[in-house]
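Scroll down for the structure; my scribbles are underneath it.
Structure representation (structure tokens):
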């Protein structure tokens, strides 16, 4: 009798969760790719900044054989500020608020999107500072990402996937499954930090300056984005860091061109 009681209690709870998953409200923007058209898939707990950086890189480095994009995000589309994207990105991209962890129809005939047509897949999650309260822990975020990857492996080849993790604990499991394009954010930060205090001092500053410069060049090339004068001044200042060092004793009193010559010969410095 106790077994029957447990079953009677368990089944209604599962049916209620199933009903909630099936009745989940989904927001869609854009036109789905044709059923025979390949596309690049971007999915996961994506932030506005990640989406903008992704399309910025796509515009700078064209993906071979891909003209359409599909974005499947877990957050409301309003948080992504789609109106800040360019006309070309909006025209070629289909957006939908849906989660691979909760959708029962995605990937089947019940859904109009054919995941098998995804030629390239990018699985992302938000940085810890932007993560939602439900998934603040790095382990929880990476576990959810790993489950999304396992779901996608049913439809997509592992070699076509690029996965972002916060920590490197789950990376060996994904590589065992054939997913070798795994980026661990914390590991990358620690490597940069180690480089900056050992054999490559200043690399953090160099990378930061390159990123700021890339952002400035991207905005300068965009005609559909209006940037305020204060924003332009900030980007110009952020892309050029002023570093001040005291002059050595032997350099005091020398003419500037003589000082430049010595620095070029001895230190290889180009001014």
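Residue numbers (our numbering): 169 to 439.
Every residue gets a Cβ at the ideal spot worked out from N, C-alpha and C, and that includes glycine.
Residue(s) in a DSSP beta bridge with residue i
| i | result |
| --- | --- |
| residue 243 | According to DSSP, which records beta bridges pairwise, residue 243 is partnered with nothing at all. |
| residue 238 | 209, 262 |
| residue 290 | 210, 330 |
Nearest neighbour of residue i, chosen from the options [CA to CA]
| i | options | result |
| --- | --- | --- |
| residue 282 | 308, 376, 197, 205 | 205 |
| residue 212 | 345, 290, 433, 284 | 290 |
| residue 354 | 334, 348, 370 | 334 |
| residue 231 | 218, 216, 208 | 208 |
| residue 234 | 250, 218, 210, 215 | 210 |
| residue 314 | 350, 202, 419 | 350 |
| residue 318 | 218, 269, 280 | 269 |
| residue 199 | 418, 370, 280 | 280 |
| residue 197 | 237, 336, 432 | 237 |
| residue 285 | 376, 202, 423, 429 | 202 |
| residue 347 | 294, 422, 288 | 288 |
| residue 321 | 368, 336, 417, 345 | 345 |
| residue 253 | 229, 267, 222 | 222 |
| residue 309 | 433, 214, 256 | 214 |
| residue 228 | 293, 257, 371 | 257 |
| residue 336 | 324, 311, 323 | 311 |
| residue 251 | 374, 225, 365, 216 | 216 |
| residue 332 | 416, 418, 295, 373 | 295 |
| residue 292 | 426, 430, 352 | 352 |
Residue range of the beta strand (DSSP E) that includes residue i
| i | result |
| --- | --- |
| residue 199 | From DSSP, residue 199 is part of no beta strand (DSSP E); its letter is neither H nor E. |
Segment limits, alpha helix (DSSP H) that includes residue i
| i | result |
| --- | --- |
| residue 347 | No alpha helix (DSSP H) holds residue 347; DSSP gives it neither H nor E. |
| residue 224 | 216-228 |
| residue 432 | 424-434 |
Contact between the stretch 360-369 and the stretch 337-347: three or more CB pairs below 8 angstroms?
-> No contact exists between the stretch 360-369 and the stretch 337-347.
Taking one C-beta from the stretch 321-331 and one from the stretch 241-252 each time, how about it: are there three or more such pairs within less than 8 angstroms?
-> no
Meets three-Cβ-pair contact criterion under 8 angstroms: the stretch 260-270 and the stretch 231-242 = Counting Cβ pairs under 8 angstroms, three or more are found: they touch.
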